[in-house]
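J.:
Structure representation (structure tokens):
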């Protein structure tokens with residue numbers, strides 16, 4: 003403990019040495035330094051409001067900056083009634099696991115696509131949409147399913163292979179592709195919502211190239227840092243893809 007001169011005060015105020023660090027931190031409520039006698043003992047109950055505030059300051063200065071909880075994993079394991087997998091992804095069958103080189107190529111390609119989308123977002127957003135393109139509102143789940151996958155698919159309720167169509171295609175029936183002029187108009191809230199709609203759809207139905215194109219485009223439109231909802235959706239997609247991989251193999 004030491005005595006310090008405080009600016010703006012006529013007298014001298016007693017300040018603990020730890021208070022020098024405390025003064026560097028912002029205060030929730032302003033507390034003016036107070037004059038205390040040399041008989042002040044922080045170990046006994048405070049007798050005045052000034053002594054109480056000084057005691058609180060001293061105790062706060064003595065608290066460690068970082069506190070680590072001492073947890074015994076054995077105790078938690080005994081009380082755990084359900085075993086939960088962190089990833090939940092099904093391992094690839096023998097011989098079907100992608101090589102490290104293939105994975106690195108996909109990551110590099112996806113990173114290039116993301117950067118290109120972000121770089122040219124303003125340009126594509128300014129492009130005029132065709133007259134038949136009417137984007138649903140963010141909260142319109144059924145509208146987005148029909149917009150992305152087509153009214154025909156949503157009416158059938160089952161996904162089958164896409165048929166070859168002539169150039170005069172009816173996008174209302176088969177769904178609009180994820181054109182840059184479309185996805186660039188979607189803010190992050192809409193991107194996350196549509197990704198959730200299609201992920202839930204994928205969780206109950208088979209995979210198709212049309213669905214895959216939209217999922218890939220939406221993932222490429224996600225901006226960093228990712229929101230917790232986006233993290234959850236990516237894990238959900240990974241689990242579902244691992245399940246589909248097993249079904250394709252067997």
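Residue numbers (this note's numbering): 3 to 252.
Cβ coordinates follow ideal geometry from the N, Cα and C atoms, glycine included.
These figures come from a predicted structure and were not determined experimentally.
#1: Is it true that the CB of residue 225 sits closer than 8 Å to the CB of residue 190?
#2: Return the CA-CA distance between residue 214 and residue 240, expressed in angstroms with no decimal places.
#3: So what's residue 235 in DSSP terms, helix, strand or just coil?
#4: According to DSSP, is residue 242 helix, strand or coil?
#5: What is the DSSP secondary structure of residue 134, counted as helix, strand or coil?
#6: Measuring only the C-alpha atoms, how far is residue 245 from residue 222?
#7: Across the region 189–203 and the region 126–136, are there enough close Cβ pairs to call them in contact, namely three or more that are closer than 8 Å?
#8: Taking just the CA atoms, how far does residue 155 sit from residue 136?
#9: For residue 95 and residue 195, what's the separation of their Cα atoms in angstroms?
#10: Alpha carbon to alpha carbon, how far is residue 201 from residue 220?
T.: Result, derived from the coordinates:
#1: Counted from its first residue, the chain shown places residue 190 at position 188. Counted from its first residue, the chain shown places residue 225 at position 223. In contact: residue 190 and residue 225 (Cβ atoms closer than 8 Å).
#2: Working through the chain shown from its first residue, we reach residue 214 at position 212. Working through the chain shown from its first residue, we reach residue 240 at position 238. Each residue's CA atom was taken as its position, placing residue 214 and residue 240 some 13 Å apart.
#3: In the chain shown, counting from the first residue as 1, residue 235 sits at position 233. DSSP places residue 235 in helix when its eight states are reduced to three.
#4: Position 240 of the chain shown, counted from the first residue, corresponds to residue 242. Residue state, collapsed to three classes: helix.
#5: Here residue 134 refers to the residue found at position 132 when the chain shown is read from its first residue. Coil, per DSSP.
#6: Residue numbering aside, residue 245 sits at position 243 when the chain shown is read from its first letter. Residue numbering aside, residue 222 sits at position 220 when the chain shown is read from its first letter. For residue 245 and residue 222, the distance between alpha carbons rounds to 23 Å.
#7: no
#8: Taking the chain shown and counting its residues from 1, one reaches residue 136 at position 134. Taking the chain shown and counting its residues from 1, one reaches residue 155 at position 153. Each residue's alpha carbon lies about 18 Å from the other.
#9: As a first step, residue 95 is located in the chain shown; it is residue number 93 there, counting from the start. As a first step, residue 195 is located in the chain shown; it is residue number 193 there, counting from the start. Approximately 32 Å between the Cα atoms of the pair.
#10: Start at 1 with the first residue of the chain shown, and residue 201 comes out as number 199. Start at 1 with the first residue of the chain shown, and residue 220 comes out as number 218. C-alpha separation (whole angstroms): 11 Å.
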